[in-house]
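Worksheet for the structure shown next.
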Amino acid sequence: IQLVANLRRALTEHEFTVHYQPIVRLEDQTIVGAEALVRWITPEGEMIGPDRFIPVAEETGLIVPLGDFVLAAACTQMARWRKAGLPCAFVAVNISAGQLSATDICAKTEAALAASGVPADSIEFEITESMLFGADSGAESKLKRITELGVRIAIDDFGTGYSSLAYLKRFPISRLKIDKSFVDDLPMSVVDGELVRAMIDMGRALHIEVLAEGVEDAGQMAFLAANGCTYGQGFFWSRPLPPERFEALFSNAS
Ligand code: G
Ligand code: G
Ligand code: MN
Ligand code: NA
Numbered sequence: 724i725q726l727v728a729n730l731r732r733a734l735t736e737h738e739f740t741v742h743y744q745p746i747v748r749l750e751d752q753t754i755v756g757a758e759a760l761v762r763w764i765t766p767e768g769e770m771i772g773p774d775r776f777i778p779v780a781e782e783t784g785l786i787v788p789l790g791d792f793v794l795a796a797a798c799t800q801m802a803r804w805r806k807a808g809l810p811c812a813f814v815a816v817n818i819s820a821g822q823l824s825a826t827d828i829c830a831k832t833e834a835a836l837a838a839s840g841v842p843a844d845s846i847e848f849e850i851t852e853s854m855l856f857g858a859d860s861g862a863e864s865k866l867k868r869i870t871e872l873g874v875r876i877a878i879d880d881f882g883t884g885y886s887s888l889a890y891l892k893r894f895p896i897s898r899l900k901i902d903k904s905f906v907d908d909l910p911m912s913v914v915d916g917e918l919v920r921a922m923i924d925m926g927r928a929l930h931i932e933v934l935a936e937g938v939e940d941a942g943q944m945a946f947l948a949a950n951g952c953t954y955g956q957g958f959f960w961s962r963p964l965p966p967e968r969f970e971a972l973f974s975n976a977s
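Position in the sequence shown (from 1) plus 723 gives the number in full-length UniProt numbering.
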């Protein structure tokens with residue numbers, strides 16, 4: 724269909740760009756990192772969100788070159804920020820299953836790190852539980868090699884996938900990102916509150932950092948902070964922003 728042709732053109736014509744959403748340490752409300760989120764700016768100037776094209780990119784295999792672009796862009800951005808002394812310690816990049824099954828993800832990751840010169844531990848890969856649950860030995864050994872490079876692994880949308888927690892034993896996971904659906908009804912929902920507390924406690928016991936996604940208001944923020952959640956992300960602090968507006972968040976603070 725036309726969307727596929729448009730996506731191919733968008734790749735060759737450099738119509739994709741990357742926005743950055745701050746990741747905040749709840750204790751002192753400082754920005755410590757960012758999640759890279761791809762955007763498509765059409766020649767007409769319309770901004771199209773990834774919900775509309777990532778599924779098609781995944782079905783057609785275009786997610787591989789698109790993912791390469793996002794990883795390279797995030798590494799390059801991180802290098803600029805480090806050079807400028809911006810205290811943003813890491814950038815998280817979403818990785819689709821199709822990218823992990825492509826044979827050369829490890830080599831591409833090494834190349835992106837080398838080309839940008841950023842330390843591997845300033846890059847985090849966000850993968851979903853289902854990617855670990857469904858991981859064949861190939862995907863598993865690739866993930867292990869990527870963590871051996873020093874790249875950190877975060878579990879995105881945590882709590883919504885197949886919750887076979889066995890993967891927490893097999894893989895070196897650095898961060899759990901509690902899915903927005905558990906955060907939405909805080910602090911009112913008793914059930915969600917208990918689930919969130921259980922996820923926070925599990926993270927603490929396993930020395931895995933815990934982040935709450937989709938934080939939109941002060942009540943949610945206060946609940947999370949009071950219950951020992953370390954990091955947050957959401958519209959309460961900021962939407963995903965183009966790099967120059969993300970940078971401006973640091974000059975406004977402190
Ligand atoms: O940015 P937004 O909140 O609209 O993102 C919607 C969805 O698209 C999220 O599930 C997010 O993980 C996914 N997404 C955004 N950017 C990327 C990307 O670069 N690669 C992949 N695989 N998914 C992305
Ligand atoms: O699946 P993933 O967690 O990568 O999705 C990130 C998506 O969530 C992006 O599309 C981002 O724009 C969106 N997002 C981030 N924070 C919030 C929030 O506080 N509220 C809502 N509704 N969406 C958010
Ligand atoms: Mn994500
Ligand atoms: Na999520």
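Even for Gly, the Cβ is constructed at its ideal location relative to N, Cα and C.
Residue 902 (DSSP reduced to helix, strand or coil)
In the structure shown, residue 902 falls within a coil segment according to DSSP collapsed to helix, strand and coil.
Could you check if residue 950 belongs to the surroundings of ligand 2, using beta carbon to heavy atom distance under 7 Å?
No, the beta carbon of residue 950 sits no closer than 7 Å to any heavy atom of ligand 2.
Assuming the contact rule is C-beta atoms closer than 8 Å, residue 744 and residue 961 should be a hit. Round their C-beta distance to whole Å, please.
Sure, about 6 Å apart at Cβ, within 8 Å.
Would a check of beta-carbon distances place residue 787 closer than 8 Å to chain D?
Absent from the structure: chain D. Only one protein chain is present.
Among 859, 860, 864 and 794, nearest to residue 833 - alpha-carbon criterion
Out of 859, 860, 864 and 794, the CA that lies nearest to the CA of residue 833 is found in 794.
Nearest-angstrom Cα distance between residue 892 and residue 736?
If you draw a straight line from the Cα of residue 892 to the Cα of residue 736, it is about 43 Å long.
To the nearest whole angstrom, what separates the beta carbons of residue 894 and residue 923, a pair I think is in contact under 8 Å?
Their Cβ separation, rounded to whole angstroms, is 20 Å, which puts residue 894 and residue 923 out of contact at 8 Å.
Since residue 763 is in the beta strand (DSSP E), which residue starts that stretch and which ends it?
Residue 763 -> beta strand (DSSP E) spans 753-764.
Ligand 3 site residues, beta-carbon cut 5 Å against heavy atoms
Listed by chain position, these are 817, 849 and 879.
Reduced DSSP category for residue 954 - H, G, I as helix; E, B as strand; rest coil
Residue 954: strand per DSSP, three-state reduction.
DSSP three-state call for residue 813: helix, strand or coil?
Looking at residue 813 - three-state DSSP - the assignment turns out to be strand.
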